[in-house]
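*Asks:*
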Amino acid sequence: MKIAYDGFGHFYNQPVRKIRLENDHGMSVEILELGGIITSLLVPDNKGDIADIVLGFDDLPSYVRDQHYFGALIGRVANRIEGAQFHLNGETVRVDANAHEARHCVHGGRFGYHRRVWRLLSSQEMTDSVAITLGLLDGDGEEGFPHSVDVTAHYQLDNDNCLSLTFEAAADGLTPINLTAHSYFNLLGHDTGSIADHRLDIFADHGLEQGADRVPTGRRLPLSDMGLALDGRHSLREMVDHGLAFNHSYIPDRSLTSQPTATRRMARLEAGGRALEIWSNELTLHFYNGHNLDGVRGKGGAIYPPFSGLCLEPKGYVNAINQPAFPARLIDRNTRYQHRIEYQFSPGNRT
Numbered sequence: 011m012k013i014a015y016d017g018f019g020h021f022y023n024q025p026v027r028k029i030r031l032e033n034d035h036g037m038s039v040e041i042l043e044l045g046g047i048i049t050s051l052l053v054p055d056n057k058g059d060i061a062d063i064v065l066g067f068d069d070l071p072s073y074v075r076d077q078h079y080f081g082a083l084i085g086r087v088a089n090r091i092e093g094a095q096f097h098l099n100g101e102t103v104r105v106d107a108n109a110h111e112a113r114h115c116v117h118g119g120r121f122g123y124h125r126r127v128w129r130l131l132s133s134q135e136m137t138d139s140v141a142i143t144l145g146l147l148d149g150d151g152e153e154g155f156p157h158s159v160d161v162t163a164h165y166q167l168d169n170d171n172c173l174s175l176t177f178e179a180a181a182d183g184l185t186p187i188n189l190t191a192h193s194y195f196n197l198l199g200h201d202t203g204s205i206a207d208h209r210l211d212i213f214a215d216h217g218l219e220q221g222a223d224r225v226p227t228g229r230r231l232p233l234s235d236m237g238l239a240l241d242g243r244h245s246l247r248e249m250v251d252h253g254l255a256f257n258h259s260y261i262p263d264r265s266l267t268s269q270p271t272a273t274r275r276m277a278r279l280e281a282g283g284r285a286l287e288i289w290s291n292e293l294t295l296h297f298y299n300g301h302n303l304d305g306v307r308g309k310g311g312a313i314y315p316p317f318s319g320l321c322l323e324p325k326g327y328v329n330a331i332n333q334p335a336f337p338a339r340l341i342d343r344n345t346r347y348q349h350r351i352e353y354q355f356s357p358g359n360r361t
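Following the numbering used here, the numbering of the sequence shown begins with 11 at its first residue and continues without gaps.
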C-alpha cells in the first residue's frame, strides 16, 4: 500500500498535483487536485492483466478545456437546475446558466467543483488501505449559489479492490447540494473504443420521466413503461449499434436495505474479465452511455468516439429544488450532507 505525488501543472497560478493510491494487488487510482478528477484507474482482470478503465487525458490543459467532465467531482448541484433558478426562503436565486443555450444550470455551472483546485487535507498509508482527503471551501455567491459550503472528498483504496469516495459538507446557511463523481468507465480499457460488449444490471424498477432538455417532469414511472430496464442478461451492443441515447435517472429500491443511510447495491457492470459493482447511500443512479462523446483525443492518443465509455453516477433527485414531489437535498448550519460511493471491483466471468 502506498501513496505517491507528482506535479501536474498549474491552474490560474495554483499548482496542481496528481496523487496515486496503490494497493498490494495491482490496483491503483490517480487523482488530481483539480476537480478531484480520477485520471487513471488500473484494475486487474480474471487473468491478472491490468488495464486503465477510465477515460481521461494526459495533461492539465486538456482537463481545463474538457466539456465532458471526465472523472470529475460534480457540485454544488449535479445535473440540471431548470431555468438556472430556484426559490429559497421567499427569494428567487439565479445560478449560472451554462447549458442548453443558457436555459439551465448543469453540474454546478461553468466553474463548478470540476474546475476548482481542491486542497489536500490529509493522507493515510495503513496496513490494508490507503486514503486521502481533499477539501474545498465553496464561497457564498459562487456560480450564484447562496452561502458558503465546506466540502471534503475522502478517497480510500483497500486490498479488496474497493475504491470508496465519501463526501461530507457543512454550510453556514440554507443551500441546495447534490454531489457525485463523473468517471467514464470502459472495463475493456479506456482505449478500446466501445462499451458494446459490456453487460449492465441496474437494480431498480422505476425511473424519472424527462421533459424538454432532459429535465425531470416530477413523475416516477416504471422502467418497463419507459423502455429503460437493464438487467444484465444482454450486452449493450444493440444500444450502441442503433445509436440509442441513455441519459436517465434510475430509482433503486429502498427496501434493499433496512438502514436508510446504509449503502446498497445500485448497479453491476461486467466486461473483459472485470466486474464493477456500484454501491451508494443516495436515492438515484444516473446512467449516461456516452452517446455525446465526439472523438476527443485522450490518454496516449486514444480517440473517444460516441459510446466509448459510460457513467454511473449516484446522486439525489435531479432538479429536486424545483420539484415539490422530489426529496430536496438542503443543508444549513444545523444539518450536514454525507454521500458515500463504493466502486467494488472483482474478476468477471465474461472475457
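By construction, the Cβ of each residue, glycine as well, lies at the ideal position given by its N, Cα and C atoms.
I'd like the ranges of any beta strand (DSSP E) spanning at least 3 consecutive residues and lying wholly in the region 14-95.
*Replies:* 24-32, 38-42, 48-54, 60-62, 82-84, all fully within the region 14-95.
*Asks:* Express the C-alpha separation of K57 and Q333 in angstroms, rounding to a whole number.
*Replies:* Taking the straight line from one Cα to the other gives about 48 Å.
*Asks:* Could you tell me whether the region 97-108 touches the region 221-237, using the rule of 3 or more Cβ pairs below 8 Å?
*Replies:* No, the region 97-108 does not touch the region 221-237.
*Asks:* Rounded to whole angstroms, what is the Cα-Cα separation between S268 and T294?
*Replies:* In this prediction, S268 has a pLDDT of 46, which is less than 50 and means its spatial position is unreliable; what the coordinates show is noted afterwards. Rounded to the nearest angstrom, the two C-alpha atoms are 17 Å apart.
*Asks:* Distance check for G221 and P262, CA to CA, integer angstroms please.
*Replies:* Spanning the two alpha carbons is a distance of roughly 21 Å.
*Asks:* Report yes or no: do three or more beta-carbon pairs, one from the region 77-85 and one from the region 112-119, lie closer than 8 Å?
*Replies:* Touching, yes, given that three or more Cβ pairs across the two stretches are closer than 8 Å.
*Asks:* Below 8 Å, is the gap between the Cβ of A191 and the nearest heavy atom of the ligand ZN?
*Replies:* Of the ligands one can find in the structure shown there are none, so the ligand ZN has no counterpart to examine.
*Asks:* In terms of residue numbering, what span does the alpha helix (DSSP H) encompassing D251 cover?
*Replies:* Note, D251: alpha helix (DSSP H), 247-251.
*Asks:* Only counting the same chain, and skipping five residues up and downstream in sequence, which positions put a Cβ closer than 8 Å to that of I313?
*Replies:* Counting only Cβ-Cβ distances below 8 Å, and skipping sequence neighbours, we find G203, G305, V306, R307.
*Asks:* If you draw a straight line from the alpha carbon of V250 to that of M136, how long is it in whole angstroms?
*Replies:* V250 and M136: Cα-Cα distance of roughly 42 Å.
*Asks:* Do V328 and V225 have their C-beta atoms within less than 9 Å of each other?
*Replies:* In this structure, V225 lies closer than 9 Å to V328 by Cβ.
*Asks:* Please confirm whether G46 and N188 have their CB atoms less than 9 Å apart.
*Replies:* Against a cut-off of 9 Å, the Cβ pair of N188 and G46 comes out as no contact.
*Asks:* Between A206 and D150, what straight-line distance do the alpha-carbon atoms span, to the nearest angstrom?
*Replies:* Cα to Cα, the separation comes out at about 44 Å.
*Asks:* Does DSSP put L233 in a helix, a strand or coil?
*Replies:* Helix.
*Asks:* Does the beta-carbon distance from M37 to F355 come in below 9 Å?
*Replies:* Going by C-beta atoms, M37 is nearer than 9 Å to F355.
*Asks:* Take every Cβ of the region 163-173, pair it with every Cβ of the region 315-325, and state whether three or more of those distances are shorter than 8 Å.
*Replies:* Contact between the region 163-173 and the region 315-325 is absent, because fewer than three Cβ pairs lie under 8 Å.
*Asks:* In this structure, does DSSP put D223 in helix, strand or coil?
*Replies:* The answer is helix: DSSP assigns D223 an H, G or I state.
*Asks:* For V140, collect the residues of the same chain with a Cβ closer than 6 Å to its Cβ; drop the 5 residues on either side in sequence, then sort them by chain order.
*Replies:* So the list reads M11, I13, L31, L167, once near-sequence residues are dropped.
*Asks:* For S265, does the count of other Cβ atoms within 10 angstroms reach 16, so buried, or fall short, so exposed?
*Replies:* The pLDDT assigned to S265 is 49, lower than 50, so where the model puts this residue is not dependable, and the model offers no usable value.
*Asks:* My assumption, with CB atoms under 8 Å, is that G122 sits in contact with E153. Please give the rounded CB distance.
*Replies:* About 6 Å; that satisfies the 8 Å criterion.
*Asks:* Can you check which of these residues, F155, D138, S72, is closest to A88 by C-alpha distance?
*Replies:* Measuring from the Cα of A88, the nearest candidate turns out to be F155.
*Asks:* Please classify Y15 as buried or exposed, where buried requires at least 16 neighbouring CB atoms within 10 angstroms.
*Replies:* Answer is exposed; the Cβ neighbour count stays below 16.
*Asks:* According to DSSP, is A330 helix, strand or coil?
*Replies:* DSSP places A330 in helix when its eight states are reduced to three.
*Asks:* Determine the extent of the beta strand (DSSP E) in which N257 is found, giving its start and end residues.
*Replies:* Taken as a continuous stretch (DSSP letters only), the beta strand (DSSP E) holding N257 covers 257-262.
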